[in-house]
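K.L.:
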Amino acid sequence: MWATLPLLCAGAWLLGVPVCGAAELCVNSLEKFHFKSWMSKHRKTYSTEEYHHRLQTFASNWRKINAHNNGNHTFKMALNQFSDMSFAEIKHKYLWSEPQNCSATKSNYLRGTGPYPPSVDWRKKGNFVSPVKNQGACGSCWTFSTTGALESAIAIATGKMLSLAEQQLVDCAQDFNNHGCQGGLPSQAFEYILYNKGIMGEDTYPYQGKDGYCKFQPGKAIGFVKDVANITIYDEEAMVEAVALYNPVSFAFEVTQDFMMYRTGIYSRASKGQLCMLPGSRHLALARAYGPLTHQLNSHLTTAVCSLEFLGISLWRLVHFCKQKKLYFCHRYKVIFNKCSGNKA
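Sequence positions in the sequence shown follow mature numbering (1 follows the signal peptide of the UniProt record, and there is no 0) and run -22 to -1, 1 to 323.
(1) Quick check on the DSSP output: the alpha helix (DSSP H) that includes residue 348 runs from which residue to which?
(2) Please state if the CB of Asn208 and the CB of Ser165 are separated by a distance shorter than 8 Å.
(3) If you drop the 5 nearest sequence neighbours on each side, which residues of the same chain put their C-beta closer than 6 Å to that of Ile291?
(4) According to the Cβ coordinates, are Phe36 and Ser7 closer than 8 Å?
(5) Alpha carbon to alpha carbon, how far is Pro196 from Gly179?
(6) My parser needs the beta strand (DSSP E) runs of 3 or more residues fully inside the segment 175 to 244; what are they?
(7) So, Ala143 versus Asn156, is the Cβ gap smaller than 8 Å?
(8) I need the boundaries of the beta strand (DSSP E) containing Met17, first residue and last residue.
(9) Since Phe53 is in the beta strand (DSSP E), which residue starts that stretch and which ends it?
(10) When you compare only the Cα positions, how much space is there between Asn44 and Phe237?
(11) To the nearest angstrom, report how far apart Met239 and Lys14 are at their CA atoms.
(12) Strictly by DSSP, which residues pair up with Leu142?
(13) Please report the straight-line C-alpha distance between Leu293 and Ala56, rounded to a whole angstrom.
(14) Have a look at Gly117 and Gln186 and give me their C-alpha separation to the nearest angstrom.
(15) Nearest to His70 by alpha carbon, out of Leu262, Asn174, Ala115 and Lys103?
(16) Which residue from Arg32, Val203, Ile244 and Tyr191 puts its Cα closest to that of Ile132?
(17) Beta-carbon separation of Ser108 and Ser141 under 8 Å?
(18) For the alpha helix (DSSP H) that Asn47 lies in, which residues bound it at each end?
(19) Checking the sheet assignment: what are the DSSP bridge partners for Leu73?
(20) Measure the beta-carbon distance from Val227 to Ala265 and round it to whole angstroms, keeping in mind my assumption that it falls under 8 Å.
(21) Helix, strand or coil for Ile171? Go by DSSP, reduced to three states.
(22) Under a three-way DSSP split, which group does Ala263 fall into?
(23) Decide if Lys193 is buried, meaning its Cβ has at least 16 other Cβ atoms within 10 Å, or exposed.
(24) Who are Asp99's beta bridge partners in DSSP?
(25) Taking buried to mean at least 16 other C-beta atoms within 10 Å of its own C-beta, is Glu219 buried or exposed?
(26) Report the residue from Ile134, Gly126 and Asn112 whose alpha carbon sits nearest the alpha carbon of Asn105.
(27) On the premise that Ser38 lies in contact with Leu262, defined as a C-beta separation below 8 Å, what is that separation, rounded to the nearest angstrom?
(28) Could you check if Thr121 is buried or exposed, using at least 16 other CB atoms within 10 Å of its CB as the buried criterion?
(29) Run through DSSP, which three-state label would Leu163 get?
(30) Give me the Cα-Cα distance between Asp99 and Thr23, rounded to the nearest whole angstrom.
(31) Between the C-alpha atoms of Ser130 and Asn225, what's the straight-line distance to the nearest angstrom?
(32) Hey, would you say Asp190 sits closer than 8 Å to Lys54, going by beta carbons?
(33) Residues in its own chain within less than 8 Å of Leu3 by CB, not counting five upstream and five downstream?
(34) Report the residue from Gly161, Gln152 and Leu147 whose alpha carbon sits nearest the alpha carbon of residue 326.
(35) Where does Ala151 fall in DSSP's three states?
(36) Go ahead and pull the three-state DSSP assignment for Ala66.
And the structure:
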């Protein structure tokens, strides 16, 4: 079933007359009904004043979802746990806007000479992609990005899937220009792990979803970085090659409001422009697969090939990536153009 909730309610709701002030969005009874249902589903409670504000925001998002789903797009939107939030709130609370430091320098990634397969999915190769975790209300996606890439690299190298400690990065990586719940960069987090000589496991350093003091214990480190390679920004062919020949690769992309309400299909930026690294708020992801892009606008979307949990929401997603129109990247809530490898202690 696509994004919108079924419009099933009593006739009294359907015939309700919206009441609103001159500067307010006119919210009708049907929207109020669905908002109350959504509140119950997500266990939301508000003060009287906040209820009015959240209702307005929810109704605005509801209308955007329905307008989008009635249009000619390659993906569908739906209500989710963020549907009572404005995009400005989501950007402030969850997204990262620090400039990407590695994109300004020449890549140190050395391209190979041999061909690579037309499609690759590391999840189908074996237990090489770790389960997705939930960052909660902390702006720590950069830490999950870092651990996700390193977990995959270690699994590919050793056959053992580890769960590494995002909270250690939140608490301890500030000397490498990271800022805990206020954001950071996986490239800088990898440097921290390299020079810190390791990262602990999640079982010994559990995630708290808030800033804390550093509790790293060197003797309990289980993940180590041996090397990091940056791929030049927008170099999709190098990115494909890295995914094919090495391991899932970290990348960042601009987040727009339509992405926050994504449900299923091939995501391409619905607003003007491309899904590229443009100035603005960004999310960090892990490219763990690629393949031919065969779906066209108006075609039936049968794209259940890559899994994603965005901030804890389980979804299926395909991303149509900037220049390479013939390729897609499946991605998972993780990193920034980096390749790394590690060994278990």
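In this text, a Cβ means the ideal position worked out from N, Cα and C, and glycines have one as well.
Small disclaimer: the values here were computed from a predicted structure and weren't measured.
P.N.:
Put simply:
(1) Residue 348 is absent from the model: the chain starts at -22 and stops at 323.
(2) Against a cut-off of 8 Å, the Cβ pair of Asn208 and Ser165 comes out as a contact.
(3) Reliability fails at Ile291, whose pLDDT of 30 lies under 50, so the model's placement of it is uncertain and no value is given.
(4) For Phe36 and Ser7, no; Cβs fall outside 8 Å.
(5) Their Cα atoms are separated by approximately 11 Å.
(6) Entirely contained in the segment 175 to 244, the beta strand (DSSP E) runs reaching 3 residues are, in chain order, 199 to 201, 205 to 208 and 227 to 232.
(7) Result no, Cβ atoms of Ala143 and Asn156 do not sit closer than 8 Å.
(8) Met17 -> not in any beta strand (DSSP E); alpha helix (DSSP H) instead, spanning Ser7 to His20.
(9) For Phe53, the enclosing beta strand (DSSP E) covers residues Phe53 to Met55.
(10) Asn44 and Phe237: Cα-Cα distance of roughly 15 Å.
(11) Computed Cα separation, rounded: 19 Å.
(12) Bridge partners of Leu142: Gly179.
(13) Confidence is the limiting factor: at Leu293 the pLDDT is only 32, short of 50, which leaves the residue's position unreliable, though a coordinate-based value still follows. For Leu293 and Ala56, the gap between their C-alpha atoms comes out near 11 Å.
(14) Whole-angstrom Cα-Cα distance: 12 Å.
(15) Comparing Cα-Cα distances from His70 to each of Leu262, Asn174, Ala115 and Lys103, the minimum goes to Ala115.
(16) Checking every option, the nearest Cα to that of Ile132 belongs to Val203.
(17) At the C-beta level, Ser108 and Ser141 come within 8 Å of one another.
(18) Thr26 to Asn47 is the extent of the alpha helix (DSSP H) around Asn47.
(19) Bridge partners of Leu73 according to DSSP: none are assigned.
(20) Yes, they are in contact, since the Cβ atoms of Val227 and Ala265 sit about 5 Å apart, within 8 Å.
(21) Reduced to three states, the DSSP call for Ile171 is helix.
(22) Ala263 falls in the strand class under three-state DSSP.
(23) That one is exposed.
(24) Note: Asp99 sits in a beta bridge opposite Ala267.
(25) By the neighbour-count criterion, in which a residue is buried when 16 or more other Cβ atoms sit within 10 angstroms of its Cβ, Glu219 is buried.
(26) Nearest of Ile134, Gly126 and Asn112 to Asn105, Cα basis: Ile134.
(27) Contact doesn't hold; Cβ gap of about 27 Å is too wide.
(28) Residue environment for Thr121: buried (at least 16 other C-beta atoms within 10 angstroms of its C-beta).
(29) Under the three-state reduction of DSSP output, Leu163 falls in the coil class, being neither helix nor strand.
(30) One C-alpha to the other measures close to 42 Å.
(31) Rounded to the nearest angstrom, the two C-alpha atoms are 7 Å apart.
(32) The residue you asked about is not Asp; residue 190 is Gly in the sequence shown. Lys54 sits away from Gly190, with the two beta carbons spaced by 8 Å or more.
(33) The beta carbon of Leu3 lies closer than 8 Å to those of Gln34, Ala37 and Ser38 in the same chain, with the five residues before and after it left out.
(34) The structure shown has nothing for residue 326, since the chain only spans -22 to 323.
(35) It is coil, neither helix nor strand.
(36) In the three-state DSSP reduction, Ala66 falls in the helix class (H, G or I).
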